[in-house]
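Student:
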Amino acid sequence: MEVSRVEKKEEKEEMSFSEKVYQIAKRIPPGKVATYGQIAAKLGKPKAARAVGNALHNNPDPKTILCYRVVNQEGRLAPGFREQKRKLLKEGIEFNDKNHVDLKRCLWQKSG
DNA sequence: CTGTTGACTTAAG
DNA sequence: ACTTAAGCCAACA
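Written out as structure tokens, the structure reads:
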């Protein structure tokens, strides 16, 4: 009974903007990618895509936070991500170009 | 509080 | 597809 208290935090508002971004990033399923706009929208601010990127850059725990699954609206990866791009390929992500993900196949589409 | 920066997004050329 | 310009939001000096 007392175990759920901490886990419920991810649905509460005790966290700062960045903290919320991390929680959502962790919710991205394998073989999929999410855009900053999607995450920002989940936070209640579809225009905060920038702040989302900043939060992920802060990335206090890259081993726990799947920031490498987050791409921009076009599925384009930021410079410096090419190492992690290989990781995405291993996950099952498909690339249309050197720095473009096939959002048609790998975009994180929430169903509920 | 003001100004700058940044892993963004949209619109126009 | 790429560049320029404007807008929005959070963190930092």
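The first sequence begins at 9 in our numbering and counts up by one.
Built from N, CA and C at the ideal position, the CB exists for glycine as well.
If you're wondering where the values come from, they're calculated on a predicted model, not measured in any experiment.
1. In chain order, what residues of the same chain lie with their CB nearer than 6 angstroms to the CB of P38, ignoring the 5 residues before and after it?
2. Count the other C-beta atoms from every protein chain shown that fall within 10 angstroms of the C-beta of Q46, then say buried if there are 16 or more, exposed otherwise.
3. Just verifying my parser: in three-state terms, what is the DSSP assignment at L74?
4. How big is the Cα-Cα spacing for E102 and C114?
5. Taking F25 as part of the beta strand (DSSP E), name the residues at either end of that continuous run.
6. Roughly how many angstroms lie between the CA atoms of K95 and E22, to the nearest whole one?
7. Apply the 10 Å Cβ neighbour rule to K112 and answer buried if 16 or more other Cβ atoms are within range, or exposed otherwise.
8. Check for me: the beta strand (DSSP E) holding N104 runs from which residue to which?
9. According to DSSP, which residues form a beta bridge with R84?
Tutor: Checking against the coordinates, here is how it stands:
1. Your numbering for residue 38 matches position 30 in the first sequence. Result list for P38: E99, in chain order.
2. Within the first sequence, numbered from 1, the residue matching residue 46 stands at position 38. So Q46 counts as buried.
3. Reading the first sequence from its first residue, position 66 is the one you call residue 74. In this structure, L74 counts as coil in the three-state DSSP scheme.
4. Numbered from its first residue, the first sequence carries residue 102 at position 94. Numbered from its first residue, the first sequence carries residue 114 at position 106. Taking the straight line from one Cα to the other gives about 7 angstroms.
5. By one-based count along the first sequence, residue 25 stands at place 17. Boundaries around F25 are those of the alpha helix (DSSP H), F25 to R35, since no beta strand (DSSP E) includes it.
6. Stepping through the first sequence from its first residue, residue 95 is reached at position 87. Stepping through the first sequence from its first residue, residue 22 is reached at position 14. Each residue's Cα considered, the two are about 32 angstroms apart.
7. Within the first sequence, residue 112 is the residue found at index 104, counting from 1. So K112 ends up on the exposed side.
8. Along the first sequence, read from residue 1 onward, the residue named residue 104 stands at position 96. Per DSSP, N104 belongs to the beta strand (DSSP E) from F103 to D105.
9. Locating residue 84 in the first sequence gives position 76, counting from the first residue. When DSSP reads this structure, R84 sits in a beta bridge with H108.
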